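Here is the structure we will look at, set down as structure tokens.
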DNA sequence: AATATAATTCCACATAATGGAATACAATTT
DNA sequence: AAATTGTATTCCATTATGTGGAATTATATT
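Protein chains in written order, with my numbering: chain S, 1 to 277; chain X, 1001 to 1277.
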């Protein structure tokens, strides 16, 4: 009997943290997702055996799984026997994006913020131990999306990430990021959980988070937290600029605008997203 | 015994057309996809019973399905008991997009075309009876994506759609669009399969497709087909402009550029995407 | 042509999904 | 506040559905 076998029945999502206890392999669906995840994290087309090697599933099972994924359009089988993620994902994501309630509420506000600052504004939402970029409004010179919608980035080195995290008490943050490896993207990247927790205290106090070239050299931003009643949604908005064009002092001048925008979004969320109590 | 029950075993994808015979409900995975599809096509959050009504699955089954989808992040359970598509879809789609081989090949070429024409350029790929927009390079005035990446549009009223279709012989087109309803988006929309087949003949001859304000009033475009060896990939590129700013005559002047770009993409595809024969 | 490597199919078997019905929960109404 | 309706969730005996090791077929390499 296989040790790696899934227990399936009972792997409930913790409604509190939104973090899954076991790594998501809920039954048959989880097996399919494992495949998508493997290919996604590889970031390139893979052949059957490449996937088999990284997978916990036996040959036959994996193969049928992949056949099913292909027939649903979630996976695409190329002519050269490689597999890549399917177009159906784009289609579903497009719908997910345009009908997302939170994003729709935030949209006019971040657009206004973009107009006020003249710089690129991001909306990122917390998911597990990552920030997912939900929207982006660019300034004039469209440099081409380096931070693309749907992109997942770490929490500890992004303005929106730290802002979103600041909505939670210290204990939750420690639980959430307990076994996270802190990768040093730049010399300024926060390198430990303790250092992060320290900075979160400042952010909680001031309502403003910074990214001081901690993720990408030459890029910095001001951010502010946006969250719902019971942190069901935790997110952040930021105004981002290249350091050579915008000084840290100038960035600081936008802080009140960013914070104010965040508060307006929260006000509207309270009115529109919460169940009547 | 339930009549609607899936046969599962054996519902192979037709490698020729890429069209699924039965409407995708391949076993357990298909049941999950049905849910996502229902919510996607509704375009707004739905409650459990709303989904139940539109679904072919019984209560208990549907509920467990949805629980699993939530725990995989494909579905999000809101505080007010409504469900919307999950952020995991954005994450996967982001990866699908940036690692897509065909898109990567096309990217520099459509960017060059954008620079030459100064107008918005689209890359759309054929999937079933729809065009999925794979990329978009905008001109200066960013009017905001109305046609977003991942968006699915009909084949019969878009430049890229008609271009892509022109890669197939008439019989295939008739088979593919046999039971499609032709919705009149504008007075110019092609209203029947026969009329479409007629126009495809012209496109096949000239290598150029038009959208003469057939999808959105005031918007027209020139397009050209892009396809691989055995039509494994069938797509189109287009240069789009508002009619008030760019006349049809001007559009015609870009036709050779568009066609040439398409041919360059195809040349590169032949070299990079095909299995050695 | 022969060998090696990878992809796909098969099928007896048991696990994992099913689904009808009962229960818990929430929102209105009286 | 209690009753009523509507909605969401859990239960569990049953079996259909997915499993997975091994055989087969296809593709690449020598």
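The C-beta atom is built at its ideal place from N, Cα and C for all residues, glycine as well. Bear in mind the structure is a predicted one, so any value in this text is a computation, not a measurement.
Check	Outcome
Closer than 8 angstroms to chain S by CB, residue 1028 (chain X)	yes
Local Cβ density within 10 Å of residue 1154 (chain X), reported as buried at 16 or more and exposed below that	buried
Rounded separation between residue 262 (chain S) and residue 225 (chain S) - CA only	7 angstroms
Selection from S:176, S:110, S:162, S:232 that minimises the alpha carbon distance to residue 199 (chain S)	S:162
Length of the line joining the Cα atoms of residue 97 (chain S) and residue 1090 (chain X)	7 angstroms
Under the three-state DSSP convention, the category residue 1093 (chain X) falls into	helix
Inter-residue Cα distance where the pair is residue 19 (chain S) and residue 1125 (chain X)	Bear in mind that a pLDDT of 39 at residue 19 (chain S), under 50, signals an unreliable position, so the model cannot answer this.
Residue range of the alpha helix (DSSP H) that includes residue 40 (chain S)	27-42
Residue 135 (chain S) in three-state terms, based on DSSP	strand
Any C-beta of chain X under 8 angstroms from that of residue 114 (chain S)	no
Residue 1248 (chain X) at chain S interface by Cβ criterion, 8 angstroms	no
Chain-ordered neighbours of residue 1148 (chain X) on chain S, where CB pairs are closer than 9 angstroms	94, 97, 98
Validate contact between the stretch 251-259 of chain S and the stretch 207-218 of chain S using beta carbons, cut 8 angstroms, 3 pairs	yes
Sub-8 angstroms separation of residue 1137 (chain X) and residue 1160 (chain X) beta-carbons	no
Minimum Cβ-Cβ distance from residue 143 (chain S) to chain X less than 8 angstroms	Model confidence at residue 143 (chain S) stands at a pLDDT of 44, short of 50, so the residue's coordinates are unreliable; what they give is reported in the following sentence. False, the Cβ-Cβ gap to chain X never drops below 8 angstroms.
Nearest candidate by alpha-carbon position, reference residue 202 (chain S), set S:165, S:229, S:231	S:165
Where residue 103 (chain S) falls: helix, strand or coil (DSSP)	helix
Proximity to residue 216 (chain S) [Cα-Cα], best of S:53, S:43, S:86, S:190	S:190
Inter-residue spacing [alpha-carbon to alpha-carbon] between residue 100 (chain S) and residue 197 (chain S)	31 angstroms
Residue 1145 (chain X), DSSP secondary structure in three states	Its pLDDT being 43, under 50, residue 1145 (chain X) is placed unreliably by the model, and nothing is read from it.
Status (buried if at least 16 other CB within 10 Å, exposed otherwise) for residue 118 (chain S)	exposed
Under 7 angstroms by beta carbon: chain X residues contacting residue 87 (chain S)	1125, 1127, 1132
Chain X within 8 angstroms of residue 46 (chain S), Cβ atoms only	no
Neighbour flag for residue 1278 (chain X) against chain S, beta carbons, 8 angstroms	For residue 1278 (chain X) there is no data in the structure shown, the boundaries of chain X being 1001 and 1277.
Proximity test, Cβ basis, 8 angstroms: residue 56 (chain S) and chain X	no
CA-to-CA distance, residue 1222 (chain X) to residue 43 (chain S), given in whole angstroms	33 angstroms
Endpoints, the alpha helix (DSSP H) within which residue 1067 (chain X) is located	1059-1071
Distance between beta carbons of residue 85 (chain S) and residue 1092 (chain X), contact taken as under 8 angstroms	6 angstroms
Cβ pair residue 40 (chain S), residue 1149 (chain X) closer than 8 angstroms	no
Residue 1227 (chain X) versus residue 181 (chain S): straight-line alpha-carbon distance, rounded	44 angstroms
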